[in-house]
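Residue numbers (the numbering used here): 5 to 116.
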């Protein structure tokens with residue numbers, strides 16, 4: 005039979021193991037989801053707010069035109085494509101065009 009002190013140590017040990025496992029699992033899930041969101045963007049992790057602003061252009065454009073494949077085409081090559089530039093104009097964001105292009109370049113750093 006275990007003493008009370010040994011029982012508490014055993015419980016605390018399992019609690020620490022469970023917490024550490026939960027943290028590691030959570031971090032791995034977040035990284036996996038981030039990669040699944042847009043595998044083309046090399047620098048998505050750490051630049052989520054920037055990604056969401058650029059991605060909003062594609063979502064808005066796809067919502068306006070309801071064209072099959074427009075959202076994926078706009079996001080392709082981490083927003084480095086003609087559809088993205090067209091969507092900037094179509095969503096009347098030309099005043100922010102330079103900033104949006106710069107953000108897309110940051111997200112996709114490492115392009116050829």
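Each residue gets a CB set at the ideal place from its N, CA and C atoms; glycine is no exception.
Treat the numbers as computed from the prediction; the structure is a model and nothing was measured.
Residue 55 and residue 77 have their C-alpha atoms roughly 16 Å apart. Closest by C-alpha distance to residue 108, out of 82, 75, 26, is 82. The DSSP-derived three-state label of residue 46 is coil. Remark: C-beta atoms of residue 64 and residue 91 approach each other more closely than 9 Å. The three-state reading of DSSP puts residue 26 in helix, counting H, G and I together.
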